[in-house]
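The sequence shown begins at 3 in this note's numbering and counts up by one.
We put the CB at the ideal spot given by N, CA and C, even for glycine.
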Amino acid sequence: MIEIDQVYKAFGAQSVLNGVALRVDAGETVAILGRSGSGKSVLLKCLVGLLRPDRGTIRIDGQEVTALSAAQLDQLRRQIGYVFQNAALYDSMTVEENLAFHLTRHQSMAPDRLRQIIYEKLQTVGVEVALHKYPSELSGGMQKRVGIARALVLDPKIILYDEPTSGLDPITSREIEDLMIELKKRMGVTSLVITHSLQSARRISDRIAVLYQGQIVAFGRFDEIAQSEHPFVQEYLAAVNLEG
Ligand SMILES: Nc1ncnc2c1ncn2[C@@H]1O[C@H](COP(=O)(O)OP(=O)(O)OP(=O)(O)O)[C@@H](O)[C@H]1O
Ligand SMILES: [Mg+2]
């Protein structure tokens with residue numbers, strides 16, 4: 003469903019992605035681990051055309067992302083839910099307006115139906131109380147959930163989650179993880195999830211990819227990652243173990 007091949011991306015003299023290769027099968031959830039600043043968010047942005055790789059190919063559902071026209075890219079983005087690291091809501095709009103804006107950008111819809119879908123998605127992530135509030139009136143965790151609800155409004159085939167549970171309390175984190183597992187099971191959604199929690203990666207994903215110095219240095223099931231002899235992966239696992 004997602005095929006990333008030899009992707010390079012630099013900002014000026016700073017090279018961030020150095021030949022990333024990764025494949026995500028339909029219906030699969032892959033977690034991406036890596037240090038802060040290693041290029042995880044940059045990689046996700048390349049997938050939806052928010053950033054353009056310098057080299058390499060990205061195919062989503064058979065379509066080469068970098069070769070798409072603006073209209074084709076728009077069409078592709080309808081099928082991809084993107085949960086931004088910082089919820090990325092418009093401050094001047096209520097939660098309902100934020101979600102409506104996203105939904106009606108891609109298709110027109112009767113107002114009643116629109117309201118119904120928005121309410122349903124907010125309910126799915128447990129923040130229907132936020133409906134008429136402005137982002138600034140919400141806690142960080144609520145903003146995160148609204149960001150997830152927004153990613154769900156178009157019933158995407160693919161969801162890209164950029165640290166969906168960071169900064170949330172353990173109970174809320176678990177609820178979000180359960181939701182991600184549910185979406186995969188019930189709707190067969192294909193997902194890429196960036197997380198700093200190995201425990202969470204183990205729980206929600208089929209396979210784990212470790213990004214280091216712009217490349218995927220380990221890719222496999224949790225038990226395969228745990229046996230990786232790559233020094234960075236070992237260091238990562240040791241650090242997690244020290245945390246308890
Ligand atoms: N639009 C941009 N212009 C210039 N540099 C950028 C841009 N976007 C990202 N970078 C740089 O690319 C590097 C990787 O950033 P990225 O946001 O992908 O890190 P990350 O792995 O998601 O980190 P974190 O875990 O902290 O979110 C950083 O050094 C960042 O400063
Ligand atoms: Mg990031």
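In the three-state DSSP reduction, Thr126 falls in the helix class (H, G or I). Annotation: Leu181 is outside any beta strand (DSSP E); the continuous alpha helix (DSSP H) that includes it extends over Pro172 to Met189. Linking Tyr92 to Asn100 through their CA atoms gives a straight-line distance of about 6 angstroms. In the DSSP annotation of this structure, Lys135 is not part of any beta strand (DSSP E), being labelled neither H nor E. For Ser202, the shortest separation between its Cβ and any heavy atom of ligand 1 does not lie below 7 angstroms.
Around the Cβ of Gln145, a 10 Å sphere holds 16 or more other Cβ atoms; the residue is buried.
When distances are taken from the beta-carbon of Ser43 to the heavy atoms of ligand 2, the shortest one is below 7 angstroms. Between the segment 13-24 and the segment 208-225 there are three or more C-beta pairs closer than 8 angstroms, enough to call the two in contact. Per DSSP, the unbroken alpha helix (DSSP H) holding Gln201 starts and ends at Leu200 to Ile206. It is roughly 41 angstroms from the alpha-carbon of Arg115 to the alpha-carbon of Gly36. Sixteen is the threshold: when 16 or more other Cβ atoms of the shown chains lie within 10 Å of the Cβ of Gly83, as they do, the residue is buried. Sorting Ile218, Ala15, Asp76 and Lys159 by C-alpha distance to the C-alpha of Gly190 places Lys159 at the top.
Under the DSSP definition of a beta bridge, Val32 partners with Leu194 and Arg209. Counting along the chain, no beta strand (DSSP E) covers Glu165, and no H or E run does either.
From the listed residues Ile218, His198, Gln217 and Asp225, the smallest Cα separation to Asp208 is found for Asp225. Here Ala28 is exposed. Its C-beta has fewer than 16 other C-beta atoms within 10 Å. Shown here, Ser43 sits in a helix according to DSSP, grouped into three states.
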